[in-house]
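Trainee:
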Amino acid sequence: MSCKNEVLSCFPGSGFFVLPTPPIFLATGSQTLRYLHARTTQDLKLLGTGDSCLAGCLDGQGKTQAIITIQCLEPETSYLIIADGGELEEVRNAILQFRVTEQISLDPIPNTAIVHLFGAAPDSLELSHQPIHIIPSVRTIYPGWDLCFPTATLHDIRTELQNVCNEISNETWKAFRIASRRFHFPHEIQPGKTFLESAPSSALTIGKGCYPGQEVVEKTLARGKSPFQTLPFFIRSNEATEEGSSVYESNDVSEKASSRPFGQIISIGALPNQQGQCAAVRIRNTQEPIPSTLYLSNGTSLELIPAL
Numbered sequence: 000m001s002c003k004n005e006v007l008s009c010f011p012g013s014g015f016f017v018l019p020t021p022p023i024f025l026a027t028g029s030q031t032l033r034y035l036h037a038r039t040t041q042d043l044k045l046l047g048t049g050d051s052c053l054a055g056c057l058d059g060q061g062k063t064q065a066i067i068t069i070q071c072l073e074p075e076t077s078y079l080i081i082a083d084g085g086e087l088e089e090v091r092n093a094i095l096q097f098r099v100t101e102q103i104s105l106d107p108i109p110n111t112a113i114v115h116l117f118g119a120a121p122d123s124l125e126l127s128h129q130p131i132h133i134i135p136s137v138r139t140i141y142p143g144w145d146l147c148f149p150t151a152t153l154h155d156i157r158t159e160l161q162n163v164c165n166e167i168s169n170e171t172w173k174a175f176r177i178a179s180r181r182f183h184f185p186h187e188i189q190p191g192k193t194f195l196e197s198a199p200s201s202a203l204t205i206g207k208g209c210y211p212g213q214e215v216v217e218k219t220l221a222r223g224k225s226p227f228q229t230l231p232f233f234i235r236s237n238e239a240t241e242e243g244s245s246v247y248e249s250n251d252v253s254e255k256a257s258s259r260p261f262g263q264i265i266s267i268g269a270l271p272n273q274q275g276q277c278a279a280v281r282i283r284n285t286q287e288p289i290p291s292t293l294y295l296s297n298g299t300s301l302e303l304i305p306a307l
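Take 0 as the starting number for the sequence shown in numbering that gives the first Met the number 0 and just add one per residue.
#1: Give the straight-line distance between the Cα atoms of N38 and I94, rounded to the nearest whole angstrom.
#2: Going by DSSP, which residues form a beta bridge with P149?
#3: At a threshold of 7 Å, does F15 count as lining the ligand COA (C-beta to nearest heavy atom)?
#4: Does the Cβ of P19 have 16 or more other Cβ atoms within 10 Å, making it buried, or fewer, making it exposed?
#5: What is the rounded straight-line gap between the Cα of G262 and the Cα of S200?
#6: Please state if the CB of L7 and the CB of E75 are separated by a distance shorter than 8 Å.
#7: Suppose you measure from the CA of E242 to the CA of G268; what does that come to, to the nearest Å?
#8: Roughly how far, in whole angstroms, is the beta-carbon of R138 from the beta-carbon of F117, given that I think they are within contact range, below 8 Å?
#9: In whole angstroms, what separates the C-alpha of L126 from that of I69?
#10: Nearest-angstrom Cα distance between I131 and A112?
#11: Report back the beta-carbon spacing between I234 and L301 to the nearest angstrom; my notes put them in contact at under 8 Å.
#12: Taking buried to mean at least 16 other C-beta atoms within 10 Å of its own C-beta, is S291 buried or exposed?
#13: Are the CB atoms of V215 and T193 within a distance shorter than 8 Å?
#14: Taking 6 Å as the limit between beta carbons, can you name the residues of its chain near L203, skipping five residues before and five after?
#15: Compare the Cα-Cα distances from E287 to each of N237, L270, S225, R259 and report the closest residue.
#16: I'd like the list of long-range same chain contacts for G264, defined as Cβ closer than 6 Å, with 5 residues on each side in sequence excluded.
Laid out in structure tokens, this is it:
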């Protein structure tokens, strides 16, 4: 079985998981669309009511400050924002960093739990509590939805969902998103690193116009590649592998001792049933093609996972 099929067979085609308390906000005001459109990497003018997209918030050097899912509730004036992760105030400050008008407010939505459903439509479920919001969102290789519920109802919702579809753990989801190349902030998409190193291509509208970091992004695209790149690798071993571990092109001990690492593991998740691990590896993007196999210092091999 190929590496790609072996990894894919570890995950269910449909199921759900509970997001670990991501920051969630309601953006309102007469200048909401104008500001968010200019602040993010996406063309938000394309969103109609109920539509959503993934977007990045960058600094002037093209480095990632936040990755957010934005849903249009009312065109121009009201948008729901779910951050991949990060501290609530840090994410809020990042989004509002370039605000020069009081005609947009960004208010946290407290006491809200988010369940991500993938591979099955929300309207196919009969739940005792209806979601407050249903946001189209891709967090694996499958189309999905973020379902927002009052935190007090989460236990009941979780029990009902477990009766009709698979619940995957956050550890399995971590491996799933790494294999799917839907990297998340601030784990696989790291603060202070350039956006194009690891952000999904779906988070960028090329040529949309001015936003912080645009010049860096467009220069990188014109060169054809970023100096560094984050890619998913499969480790067949279940032996604990630490984030931060160096990886090498060669398994030769003497070469490892005399050469600098080719990359570093920045995030790793265990596959279910001890079927191995998926690692996000930040590599030096200096050669073509990218080596299909890399090695840890102890000789353990890592196989590049093709796009699923």
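Ideal Cβ positions, reconstructed from N, Cα and C, are used throughout, including at glycine.
Mentor: For this structure:
#1: The question names Asn, but residue 38 is Arg in the sequence shown. Each residue's Cα considered, the two are about 7 Å apart.
#2: T111
#3: This structure lacks the ligand COA, and indeed carries no ligand of any kind.
#4: exposed
#5: Each residue's Cα considered, the two are about 22 Å apart.
#6: Contact flag unset, no.
#7: 10 Å
#8: 7 Å
#9: Computed Cα separation, rounded: 25 Å.
#10: 10 Å
#11: 5 Å
#12: Around the beta carbon of S291, a 10 Å sphere encloses fewer than 16 other beta carbons of the protein chains shown; the residue is thus reported as exposed.
#13: yes
#14: T40
#15: That would be S225, whose Cα lies nearest to the Cα of E287.
#16: Reading the sequence as shown, one finds Ile at residue 264 and not Gly. Once the five neighbours on either side are set aside, the close Cβ partners of I264 are E242, S244, A278, V280.
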